[in-house]
Ligand code: V47
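In this note's numbering, the protein residues as written are 9 to 389.
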């Protein structure tokens with residue numbers, strides 16, 4: 009297939025290391041040349057991270073599914089009085105942390121609903137209960153939407169809320185809750201929860217307080233090219249300002265059991281294209297993650313040649329995607345993850361949440377120095 013003229017101009021920019029414009033993003037979106045877009049993203053991926061592909065040993069805890077909000081895409085949430093409503097208290101959280109620590113997990117990823125009655129103290133306690141079991145484990149907890157909700161219920165500033173969570177042992181913020189920033193879409197699918205400005209400001213504040221964070225985009229529902237490129241450009245602008253984002257995770261919409269169940273899930277082609285466009289537009293993000301739980305193992309593996317350099321972790325207890333119809337297993341072993349990465353022609357590296365290489369000696373682990381990717385080696389940092 010001949011490369012179209014517009015993509016040729018984009019190739020020149022990518023090869024020269026120049027930033028792509030909003031219009032370039034739309035050109036990529038309009039192109040059907042998935043192989044050229046993938047090759048361009050791979051060029052950037054290898055420039056930044058060489059042949060390395062990252063994974064971690066982690067687990068998820070969703071403290072509650074009860075949520076005051078009713079986002080159209082969510083199959084996980086429950087009303088207070090629904091039979092499936094639950095809250096995890098000390099015993100269950102401690103048990104989950106013990107199980108994770110015993111398996112050598114370096115990270116616990118927490119995301120949940122916004123409960124009508126629970127106080128900020130509860131959300132701080134969840135972190136404390138984990139840290140009591142294993143002080144070394146990194147707690148990546150609460151999306152910007154949750155932080156904004158805590159600020160609202162406590163009438164405290166975002167900074168005060170984050171400081172209380174940091175005191176309890178918070179290590180970084182996950183990237184959830186971003187959905188689509190463009191108001192045309194956000195107002196329709198999740199108009200009640202944290203606004204775009206609030207989401208961005210929670211991350212800005214976290215970065216100022218020394219926390220790193222991730223970012224996501226939920227695509228493949230009522231979003232279009234302009235909304236997606238707008239989303240990526242807004243993230244790129246904030247990253248120019250703070251430098252605090254580590255990883256971007258494009259999240260493919262899973263329609264089952266949601267208010268948008270009539271919409272077809274995005275195709276494999278769309279998933280690969282979004283991975284590649286994310287890598288190309290987010291030139292200041294060190295990492296792009298192919299979250300295997302959401303993409304499926306096969307597309308996640310191919311994504312490693314379409315811009316992604318990270319595949320997330322062992323995961324173990326995942327509810328948000330599985331309730332929305334994900335057919336992936338609950339857990340991949342380290343051997344599964346390493347094989348998947350090696351078969352993709354990459355060098356598997358176990359990282360911690362902050363991208364330090366993990367060294368294992370028997371049952372215990374130790375985080376080494378920040379991994380020197382080719383991009384860091386050039387800068388000599
Ligand atoms: O915020 C909810 C999304 C997110 C559906 O930071 C859905 O390392 C698709 O953010 N179909 C939570 N997506 C998960 C998340 C995440 C996952 C992995 C790694 C990291 C990280 C963050 O899941 C939500 C929302 O955007 N989501 N329902 C659904 N039906």
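We treat Cβ as the ideally placed atom computed from N, Cα and C, and that holds for glycine. Since the model is a prediction, treat every value here as computed from it, not as a measurement.
Using the Cβ count rule (16 or more neighbours within 10 Å means buried), how would you classify residue 91?
Residue numbering aside, residue 91 sits at position 83 when the chain shown is read from its first letter. With fewer than 16 Cβ atoms within 10 Å of its Cβ, residue 91 is classed as exposed.
Cβ of residue 325 versus every heavy atom of the ligand V47: is any distance shorter than 8 Å?
On the chain shown, position 317 is the one that residue 325 refers to. No, since every heavy atom of the ligand V47 falls outside the 8 Å radius drawn around the Cβ of residue 325.
For residue 389, which three-state DSSP category applies?
In the chain shown, the residue the question calls residue 389 occupies position 381. Per-residue confidence for residue 389 stands at a pLDDT of 45, beneath the threshold of 50, marking its modelled position as unreliable; no derived number is given.
How many whole angstroms separate the CB atoms of residue 121 and residue 151, which I take to be in contact at a CB cut-off of 8 Å?
Your numbering for residue 121 matches position 113 in the chain shown. Your numbering for residue 151 matches position 143 in the chain shown. 11 Å between Cβ atoms; not a contact.
For a test of your reading of the model: does the CB of residue 63 fall under 8 Å from any non-hydrogen atom of the ligand V47? Yes or no.
Counted from its first residue, the chain shown places residue 63 at position 55. Taking non-hydrogen atoms of the ligand V47 into account, the C-beta of residue 63 is found less than 8 Å away from none of them.
Which value, in whole angstroms, describes the spacing of the CA atoms of residue 185 and residue 235?
Taking the chain shown and counting its residues from 1, the one referred to as residue 185 is at position 177. Taking the chain shown and counting its residues from 1, the one referred to as residue 235 is at position 227. Cα-Cα distance, rounded: 16 Å.
Who are the Cβ neighbours of residue 241 in its own chain at under 8 Å, not counting the five residues just before and after it?
Position 233 of the chain shown, counted from the first residue, corresponds to residue 241. Around residue 241: 30, 33 and 289.
If you run the structure through DSSP and keep just helix, strand and coil, what is residue 229?
Taking the first residue of the chain shown as 1, we reach residue 229 at position 221. Of the three classes helix, strand and coil, the one that applies to residue 229 here is coil, per DSSP.
For residue 49, which residues of its own chain have a beta-carbon under 6 Å away from its beta-carbon, when the five flanking residues on both sides are left out?
Here residue 49 corresponds to residue number 41 of the chain shown, with the count starting at 1. Answer for residue 49: 284, 287, 288, 314 and 315, listed in chain order.
Please find out if some non-hydrogen atom of the ligand V47 comes closer than 8 Å to the beta-carbon of residue 336.
Sequence index remark: in the chain shown, residue 336 carries index 328 (1-based). Of the heavy atoms belonging to the ligand V47, none sits nearer than 8 Å to the Cβ of residue 336.
Residue 327 in three-state terms, based on DSSP
In the chain shown, the residue the question calls residue 327 occupies position 319. The DSSP-derived three-state label of residue 327 is coil.
Measure the alpha-carbon distance for residue 4 versus residue 114 and round it to whole angstroms.
Limits of the chain in this structure are 9 at one end and 389 at the other, which puts residue 4 out of reach.
Measure the alpha-carbon distance for residue 166 versus residue 155 and round it to whole angstroms.
Translated into positions along the chain shown, residue 166 becomes position 158. Translated into positions along the chain shown, residue 155 becomes position 147. The C-alpha of residue 166 lies about 7 Å from the C-alpha of residue 155.
By the DSSP assignment, the alpha helix (DSSP H) with residue 158 in it spans what residues?
As a position in the chain shown, residue 158 is number 150, starting the count at 1. 152-162 is the span of the alpha helix (DSSP H), which, as asked, contains residue 158.
Taking DSSP's pairing of strands, which residues face residue 148 in a bridge?
Looking up residue 148 in the chain shown gives position 140. Beta-bridge pairing links residue 148 to 117 and 180.
Give the single residue among 292, 322, 353 and 275 whose Cα lies nearest to the Cα of residue 309.
Stepping through the chain shown from its first residue, residue 309 is reached at position 301. Taking only the C-alpha atoms, the option nearest residue 309 is 353.
With 16 other Cβ atoms within 10 Å as the buried cut-off, status of residue 265
Numbered from its first residue, the chain shown carries residue 265 at position 257. Looking at its Cβ environment, which holds fewer than 16 other Cβ atoms inside 10 Å, residue 265 is exposed.
Please determine whether the Cβ atom of residue 82 lies at a distance below 8 Å from any heavy atom of the ligand V47.
Here residue 82 is taken as the residue at index 74 of the chain shown, counted from 1. Placement of the Cβ of residue 82 at a distance of less than 8 Å from at least one heavy atom of the ligand V47 is found.
Assuming residue 197 and residue 173 form a contact by the criterion Cβ under 8 Å, report the distance between their Cβ atoms to the nearest whole angstrom.
Position 189 of the chain shown, counted from the start, is the residue given in the question as residue 197. Position 165 of the chain shown, counted from the start, is the residue given in the question as residue 173. Contact flag wrong, Cβ pair sits at about 27 Å.
Quick one, are the C-beta atoms of residue 340 and residue 146 less than 9 Å apart?
Taking the chain shown and counting its residues from 1, the one referred to as residue 340 is at position 332. Taking the chain shown and counting its residues from 1, the one referred to as residue 146 is at position 138. Result no, Cβ atoms of residue 340 and residue 146 do not sit closer than 9 Å.
Selection from 107, 23 and 303 that minimises the alpha carbon distance to residue 281
Reading the chain shown from its first residue, position 273 is the one you call residue 281. Ranking 107, 23 and 303 by Cα distance to residue 281 puts 303 first.
Put residue 30 into one of helix, strand or coil per three-state DSSP.
Counting from one through the chain shown, the residue named residue 30 turns up at place 22. Residue 30: helix per DSSP, three-state reduction.
Would the beta-carbon of residue 222 fall within 9 Å of that of residue 261?
Along the chain shown, read from residue 1 onward, the residue named residue 222 stands at position 214. Along the chain shown, read from residue 1 onward, the residue named residue 261 stands at position 253. Taking 9 Å as the Cβ cut-off, residue 222 and residue 261 do not qualify as a contacting pair.
For the alpha helix (DSSP H) holding residue 98, just list the boundary residues, first then last.
Taking the first residue of the chain shown as 1, we reach residue 98 at position 90. Residues 98-110.
Looking at residue 370 and residue 273, is the spacing between their C-beta atoms short of 9 Å?
Here residue 273 is taken as the residue at index 265 of the chain shown, counted from 1. Here residue 370 is taken as the residue at index 362 of the chain shown, counted from 1. A distance of 9 Å or more separates the beta carbons of residue 273 and residue 370.
Compare the C-beta of residue 372 against all C-beta atoms of chain C and say whether one is closer than 9 Å.
The structure shown contains no chain C, having only a single protein chain.
When DSSP labels each residue in this structure, what does residue 279 get in the three-state scheme?
Translated into positions along the chain shown, residue 279 becomes position 271. Note: residue 279 maps to helix in three-state DSSP.
Take residue 328 and list the residues in its own chain whose beta-carbon comes closer than 6 Å to its own, dropping the five residues that flank it on each side.
Your numbering for residue 328 matches position 320 in the chain shown. Within the same chain, 84 come within 6 Å of residue 328 by CB-CB distance, once the 5 residues on both sides are set aside.
On the DSSP bridge list, what partners appear for residue 87?
Along the chain shown, one-based indexing puts residue 87 at 79. The partner list for residue 87 (beta bridge, DSSP) is empty, contrary to what the question assumes.
Proximal residues to residue 335 (C-beta, below 8 Å), its chain only, five neighbours per side dropped
Within the chain shown, numbered from 1, the residue matching residue 335 stands at position 327. If the five residues before and after residue 335 are omitted, its C-beta is found closer than 8 Å to the C-beta atoms of 304, all from its own chain and listed in chain order.
Exposure of residue 389, with buried meaning 16 or more beta-carbon neighbours within 10 Å
Residue 389 sits at position 381 when you count from the first residue of the chain shown. Because the pLDDT of residue 389 is 45, which lies under 50, any placement of that residue in the model is unreliable, and the number read from its coordinates should be weighed accordingly. Burial call: exposed.
To which residues does DSSP link residue 372 through a beta bridge?
As a first step, residue 372 must be located in the chain shown, where it is residue number 364. As a beta-bridge residue in DSSP terms, residue 372 pairs with 369.
Alpha-carbon to alpha-carbon, residue 239 and residue 213:
What you label residue 213 is simply residue 205 of the chain shown in a count that begins at 1. What you label residue 239 is simply residue 231 of the chain shown in a count that begins at 1. The alpha-carbon atoms of residue 213 and residue 239 are separated by roughly 19 Å.
Hey, is residue 255 close to the ligand V47, as in C-beta under 8 Å from one of its heavy atoms?
Along the chain shown, one-based indexing puts residue 255 at 247. Residue 255 Cβ: within cutoff of the ligand V47.
How many whole angstroms separate the CB atoms of residue 158 and residue 141, which I take to be in contact at a CB cut-off of 8 Å?
If you number the chain shown from 1, residue 158 lands on position 150. If you number the chain shown from 1, residue 141 lands on position 133. No, residue 158 and residue 141 are not in contact; Cβ-Cβ is about 23 Å, not under 8 Å.
Looking at the strands, I want to know which residues DSSP matches up with residue 358.
Locating residue 358 in the chain shown gives position 350, counting from the first residue. Beta-bridge pairing links residue 358 to 63.
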